[in-house]
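Protein chains in written order, with the numbering used here: chain A, 7 to 146; chain B, 11 to 195.
For every residue, glycine included, the Cβ atom is placed at its ideal position computed from N, Cα and C.
Structure (structure tokens):
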């Protein structure tokens, strides 16, 4: 870490101002949401600096840049949702539970995609005690 | 296609175009004929209010720290600009909207991260040396006309390509077109 640089304090001040008093008090919770601008579902279990690895046209995985104590996987992205949902015969918004969605993808798609979906489902179930629900609508 | 678009529109409800900006800032123009420091060589990018609200409400504070500490001050030093995510991308009634996504990439000196071991005060941010062999990638959705070229929608680190310094791994598979590559002094 490089924290002894003079402008870090300035950045921190700007960060807190950007968040506002109410925002500064918000805590991160694992989440899944539909990114309508880029037509993808983002699943994130930890708020940290990540690097993205493209698996194929449907999946990207998110690994922590600075993993601590264990699994570096902190999320994944399901891309091209409109196209994908047509292929698996699901309507947007129909499935909200992320593990159910991965299960549906695993059962409906060719083997290579199915293997990835199954692997992500197992990892997610292992990491998260509570099921994650996709938020389909962007905050106003 | 019609079914998806109808359902999607019904669920998402409102106009998908920008509903205002939290902030605007400069970025290099996609016009490759303009040298970086010439007048007109920059365009305006916006951070949508909706995206700002999502980041704040959901506690996506590392994204915010990277926006403030890497993206906004650093995008003028982007070394590559690509266009088209080259994947299925439905947006605003268009199933081929990935072509309206532009991708700026460069190698920043530092990374930023929220330190959740601290409260919202002194020490709440961490600054790391940039991750090894990674590049910073910013996805921009182009707008139709107006003074603002596009909106930043996603930013993150990606493994660097071994053939083209400053570009993401397999950039030629990920993206449709190289708009420009630049060297900075």
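Residue 71(B) and residue 53(A) do touch by the CB rule: their CB atoms are close to 6 Å apart, below 8 Å. Counting along the chain, residue 124(A) sits inside the alpha helix (DSSP H) bounded by residues 117–133. Buried is the label assigned to residue 42(A), since at least 16 other Cβ atoms lie within 10 Å of its Cβ. Residue state for residue 182(B) is assigned as helix, using DSSP reduced to three classes.
By the neighbour-count criterion, in which 16 or more other beta carbons inside 10 Å mark a residue as buried, residue 68(B) falls on the buried side.
Interface annotation for the segment 126–156 of chain B against chain A: 126, 129, 130, 131, 132, 133, 134, 135, 136, 137, 138, 139, 141, 144, 147, 149, 151, criterion Cβ-Cβ distance under 9 Å. By the criterion of a C-beta distance shorter than 7 Å, residue 110(A) is surrounded in its chain by 94, 96, 101, once the five residues flanking it on both sides are discounted.
Residue pairing for residue 60(A): DSSP places it in a beta bridge opposite 66(A).
If you check the CB distance, residue 108(B) and residue 95(B) come in under 8 Å.
Here the alpha carbon of residue 191(B) sits roughly 39 Å from the alpha carbon of residue 32(A). Listed as beta-bridge partners of residue 126(B) by DSSP are no residues whatsoever. Shown in chain order are the members of the segment 54–66 of chain A whose Cβ falls below 8 Å from a Cβ of chain B: 54, 55, 56, 57, 58, 59, 60, 63. For residue 74(B), the enclosing alpha helix (DSSP H) stretches over residues 71–76. Among the residues of chain B, those whose CB is under 7 Å from the CB of residue 85(A) are 97, following chain order. The beta carbons of residue 174(B) and residue 181(B) sit about 6 Å from each other, so the pair counts as a contact at 8 Å. Listed along chain A is no residue with a C-beta nearer than 8 Å to that of residue 53(B); the closest approach is about 18 Å. Excluding residues up to 5 positions away in sequence, 149 lie with their Cβ nearer than 6 Å to the Cβ of residue 164(B) in the same chain. Here residue 183(B) is exposed. Its C-beta has fewer than 16 other C-beta atoms within 10 Å. The DSSP-derived three-state label of residue 96(A) is coil. In the assembly as shown, residue 76(B) is a buried residue. Its beta-carbon has 16 or more other beta-carbons within 10 Å. The shortest C-alpha to C-alpha distance from residue 53(B) to any of 153(B), 99(B), 131(B), 59(B) is the one to 153(B).
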